[in-house]
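Asker:
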Amino acid sequence: MIDPISTTKILSWAEEDRPREKLLLKGKAALSDAELIGILLGSGTVSLSAVDLAKQILSSVDNNLTSLAKLSIKDLEKFKGIGEAKAITIVAALELGRRRKDSELPQRQVITSSKDVFTIMHSHLLDLLHEEFWVVLLNRSNVVMKKVQISVGGVSGTVADPKLIFKTALENLASSIILVHNHPSGNLKPSQADKDLTHKLKEAGKYLEIPVLDHVIITEKSYFSFADEGIL
1475 MIDPISTTKI
1485 LSWAEEDRPR
1495 EKLLLKGKAA
1505 LSDAELIGIL
1515 LGSGTVSLSA
1525 VDLAKQILSS
1535 VDNNLTSLAK
1545 LSIKDLEKFK
1555 GIGEAKAITI
1565 VAALELGRRR
1575 KDSELPQRQV
1585 ITSSKDVFTI
1595 MHSHLLDLLH
1605 EEFWVVLLNR
1615 SNVVMKKVQI
1625 SVGGVSGTVA
1635 DPKLIFKTAL
1645 ENLASSIILV
1655 HNHPSGNLKP
1665 SQADKDLTHK
1675 LKEAGKYLEI
1685 PVLDHVIITE
1695 KSYFSFADEG
1705 IL
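Quick note: the sequence shown uses my numbering, first residue 1475, plus one each step.
#1: Here's the rule I'm using: 16 or more other beta-carbon atoms within 10 Å means buried, otherwise exposed. How should L1697 be labelled?
#2: Leaving aside the five residues before and after S1588 along the sequence, list all residues of the same chain whose C-beta is less than 8 Å from its C-beta, in chain order.
#3: With H, G and I counted as helix, E and B as strand and the rest as coil, what does DSSP make of I1652?
#4: Closest to S1523 by CA distance: which of I1585, G1555 and V1591 is it?
#5: Could you tell me which of N1656, I1651 and I1639 sits nearest to L1706, measuring between CA atoms?
#6: Whose C-alpha, out of K1663, G1660 and F1640, is nearest the C-alpha of K1674?
#7: Hey, Q1623 and E1606 are a contact pair by Cβ (cut 8 Å); roughly how many whole angstroms apart?
#8: Relative to the ligand GTP, is the shortest distance from any of its heavy atoms to the C-beta of K1680 smaller than 6 Å?
#9: Of all the alpha helix (DSSP H) runs that stay within the bounds of the stretch 1500-1586, which reach a length of 4 or more residues?
#10: Figure out for me which residue from S1659, A1561, R1614 and V1626 has the closest Cα to the Cα of E1683.
#11: Tell me which same chain residues have a C-beta within less than 7 Å of the C-beta of L1505, skipping the five on either side of it?
#12: Tell me the residue span of the alpha helix (DSSP H) that contains H1657.
#13: The alpha helix (DSSP H) that contains H1596, what's its start and end?
#14: Assign I1562 to buried or exposed, taking buried as 16 or more other Cβ atoms, counted over all protein chains shown, within 10 Å of its Cβ.
#15: Compare the beta carbon distance of G1660 and T1632 with 7 Å and say whether it is the shorter of the two.
#16: So the candidates are T1519, K1500, K1663 and I1513; which of them puts its Cα closest to the Cα of F1553?
#17: With distances taken between CB atoms, is the gap from L1599 to N1537 smaller than 7 Å?
#18: Using DSSP with H/G/I as helix, E/B as strand and the rest coil, what is L1603?
Quick look at the structure:
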């Protein structure tokens, strides 16, 4: 007579279906999330295999690894078969995954047009009810070195200090800059103050050999480029 409990043990499975053996035979991508966590657990309970226990844990967070990463050691210990050591192993593995993601080098962002500026800055200025002024710092190859917030203003305007803008550019050894600010009203037309500031910054950039390549006004759905309109 076959013991029904023994059939839940991983060792009773076909070798190619055991998580560790499956990883060796087919590679890590072939394993499900539950199987990978099962390897971390090493063992289950009397009635549950390590993979079944992993499935139970995943089910509690709707199979969402991000939600799983938010569980504390105490949360994990609430599952039968999860002691402190296993809980720590899960937490440590998920933290390594988070750190790997944080350490990935960001993709090089190259500015070739005003649309590129809109693309990289839109998320910073979307849905704001106030104006903000930013500067995009570029190297000699027009690769984005940094995006820096210069000022935060009110509904109808913000003050951008030329000294602060070029101080930021000089400190970061930028070869050129692009000015960016938003119009919460949705009006793309630059004000006279926008034009005056752009002219002032362009002239200052000439003396410092840090040219102002463009000034882009961003709204929720579109943008205005001083360079494109030939008024830079």
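Glycine included, each C-beta is placed from N, C-alpha and C at the ideal position.
Answerer: Inspection of the coordinates gives the following:
#1: Here residue 1697 refers to the residue found at position 223 of the sequence shown. It is Tyr, not Leu, that sits at residue 1697 in the sequence shown. Answer is buried; the Cβ neighbour count reaches 16.
#2: Indexing the sequence shown from 1 puts residue 1588 at position 114. Answer for S1588: D1688, V1690, Y1697, S1699, A1701 and D1702, listed in chain order.
#3: To locate residue 1652, count along the sequence shown from 1; it is residue 178. Assignment of I1652 by DSSP, reduced to helix, strand and coil, places it in the strand class.
#4: Mapped onto the sequence shown, residue 1523 falls at position 49. Of the listed residues, the one whose Cα sits closest to S1523 is G1555.
#5: Indexing the sequence shown from 1 puts residue 1706 at position 232. Ranked by Cα distance from L1706, the options N1656, I1651 and I1639 are led by I1651.
#6: Walking along the sequence shown from the start, residue 1674 turns up at place 200. Selection K1663, G1660 and F1640 evaluated against K1674 yields F1640 as nearest (Cα-Cα).
#7: Mapped onto the sequence shown, residue 1623 falls at position 149. Mapped onto the sequence shown, residue 1606 falls at position 132. About 6 Å; that satisfies the 8 Å criterion.
#8: With respect to small molecules bound, the structure shown includes none, and the ligand GTP cannot be examined in it.
#9: Runs of the alpha helix (DSSP H) inside the stretch 1500-1586: 1507-1515, 1524-1534, 1539-1543, 1547-1550 and 1558-1577.
#10: For the purposes of this step, residue 1683 is identified with residue 209 of the sequence shown, where counting begins at 1. Of S1659, A1561, R1614 and V1626, the smallest CA-CA separation from E1683 is found for R1614.
#11: The residue labelled residue 1505 in the question sits at position 31 within the sequence shown. P1493, K1496 and L1497, listed in sequence order.
#12: Position 183 of the sequence shown, counted from the start, is the residue given in the question as residue 1657. Careful: H1657 lies outside any alpha helix (DSSP H) and carries neither H nor E.
#13: Taking the sequence shown and counting its residues from 1, one reaches residue 1596 at position 122. Looking at the DSSP string, the run of the alpha helix (DSSP H) that includes H1596 is S1588 to L1599.
#14: Working through the sequence shown from its first residue, we reach residue 1562 at position 88. Exposed is the call here.
#15: For the purposes of this step, residue 1660 is taken as the residue at position 186 of the sequence shown. For the purposes of this step, residue 1632 is taken as the residue at position 158 of the sequence shown. Their beta carbons are not under 7 Å apart, which means G1660 does not touch T1632 by this criterion.
#16: On the sequence shown, position 79 is the one that residue 1553 refers to. That would be T1519, whose Cα lies nearest to the Cα of F1553.
#17: As a working note, residue 1599 is residue 125 in the sequence shown. As a working note, residue 1537 is residue 63 in the sequence shown. Contact: no.
#18: Taking the sequence shown and counting its residues from 1, one reaches residue 1603 at position 129. The DSSP-derived three-state label of L1603 is coil.
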